[in-house]
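Here's the structure we're looking at; comments come further down.
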Amino acid sequence: MHAHAQEKASYTFVGTHYPLVFEQDKNGQVHGLGFDILKAISNEMGKTFKTIYLPWGRALRMVKEGSADGIIGLYMSEARKKFLVYSNTPFRKDHILLMTKAGRKVSWDGNFKTLKNHHIITIRHWVYGDKFDAYKHNLNIDIANKLSHGLRMLMANRGDILIANEQSALYEMQKLSLMNDIVFLKPEIKPIQNYFAFSKIKNDTNFQKRFNAALLKLHQTGQMAKLAAKHTLFQK
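Heads up: the sequence shown begins at 1128 in the numbering used here, then just goes up one per residue.
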């Protein structure tokens, strides 16, 4: 009892539009895998979690400044470790793939050098892994504000290749009726793990420890796999 004496009754988590992980409907209700996990952890811990849907840059700023306790659904990077404490356990593995307009000839063998003569589209604030980060200064890159914008840029021939995670891309392609117009290229760049993260400046180690224990329990009991299955799309 004394170990949790400094814990609050309510904690604030922020997130942005992340297909299948954290979304907001027209009535302002949030849903997705990240939200369902937070509900399960809230029940396990006996805590109230408030979720706020924000633009990604603002969400990161709030958790960096300590005005939010945690953030939902992000990849790990060295830059972010300076102001975030990542959950011990990831909750989803994303497959980062290249995609192009159907019928376009693009050479890709897994080596970024093969992309030097192509026009690449990436998404603002997204992390694509250390290997890509180390090489991207050699590439011709345009940045789209959202994945849906990136897909439209690809269809308008404003880029040869778009890089995104498979699940989010499939989700947006379905919404935009582009399932037959865009193809994925293999091999994938690399799988990247998806985490929750906590505000480093708040230094709430008791809360983080209990949250991590509850998150691990979801994996060990099989509940995580059931939640993930509800929020997974498949290529046809």
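In this text, a Cβ means the ideal position worked out from N, Cα and C, and glycines have one as well. Remember, it's a predicted structure, so these values are computed and weren't measured experimentally.
Less than 8 Å between the C-beta atoms of residue i and residue j, yes or no?
| i | j | result |
| --- | --- | --- |
| I1198 | V1141 | yes |
| A1291 | L1211 | no |
| Y1202 | F1239 | no |
Would you give the residue range spanned by the alpha helix (DSSP H) that residue i belongs to?
| i | result |
| --- | --- |
| M1351 | Q1350 to K1357 |
| A1271 | Segment N1267 to A1271 is the beta strand (DSSP E) holding A1271; no alpha helix (DSSP H) there. |
For residue i, I'd like the list of residues in its chain whose CB is within less than 8 Å of its CB, leaving aside the five on either flank, ordered along the chain.
| i | result |
| --- | --- |
| H1131 | Note that H1131 scores a pLDDT of 44, beneath 50, so its modelled location is shaky; the value from the coordinates is reported in the next line. Excluding sequence neighbours, H1131 sits near N1333 and R1337. |
So what does DSSP say about residue i, is it helix, strand or coil?
| i | result |
| --- | --- |
| K1363 | Reliability fails at K1363, whose pLDDT of 47 lies under 50, so the model's placement of it is uncertain and no value is given. |
| F1334 | helix |
| T1139 | strand |
| N1162 | Inspection of the sequence shows that residue 1162 is occupied by Phe rather than by Asn. Helix, per DSSP. |
| Y1298 | helix |
| N1284 | coil |
| K1344 | helix |
Between which two residues does the beta strand (DSSP E) holding residue i run?
| i | result |
| --- | --- |
| I1247 | H1246 to I1250 |
| H1222 | R1219 to K1228 |
| S1326 | I1309 to S1326 |
| K1177 | T1175 to Y1180 |
In chain order, what residues of the same chain have a beta carbon less than 6 Å from the beta carbon of residue i, not counting five sequence neighbours either side?
| i | result |
| --- | --- |
| G1277 | I1248, I1250, A1271 and L1289 |
| I1328 | G1193 |
Out of the options, state which residue places its alpha-carbon closest to the alpha-carbon of residue i.
| i | options | result |
| --- | --- | --- |
| G1237 | M1226, R1231 and D1308 | M1226 |
| G1173 | Y1138, Y1213 and K1153 | Y1138 |
| L1165 | G1155, K1153, F1149 and N1154 | F1149 |
| H1222 | P1318, K1329 and A1341 | P1318 |
| A1229 | S1169, M1282 and A1352 | M1282 |
| Q1320 | L1360, K1191 and E1293 | E1293 |
| N1284 | D1260, Y1202 and R1231 | R1231 |
Between residue i and the rest of its own chain, which residues show a CB-CB distance below 7 Å, the 5 nearest in sequence each way excluded?
| i | result |
| --- | --- |
| H1103 | Within the shown structure, residues of the chain are numbered from 1128 to 1363, placing residue 1103 beyond reach of any answer. |
| A1186 | V1141, G1142, T1143 and I1198 |
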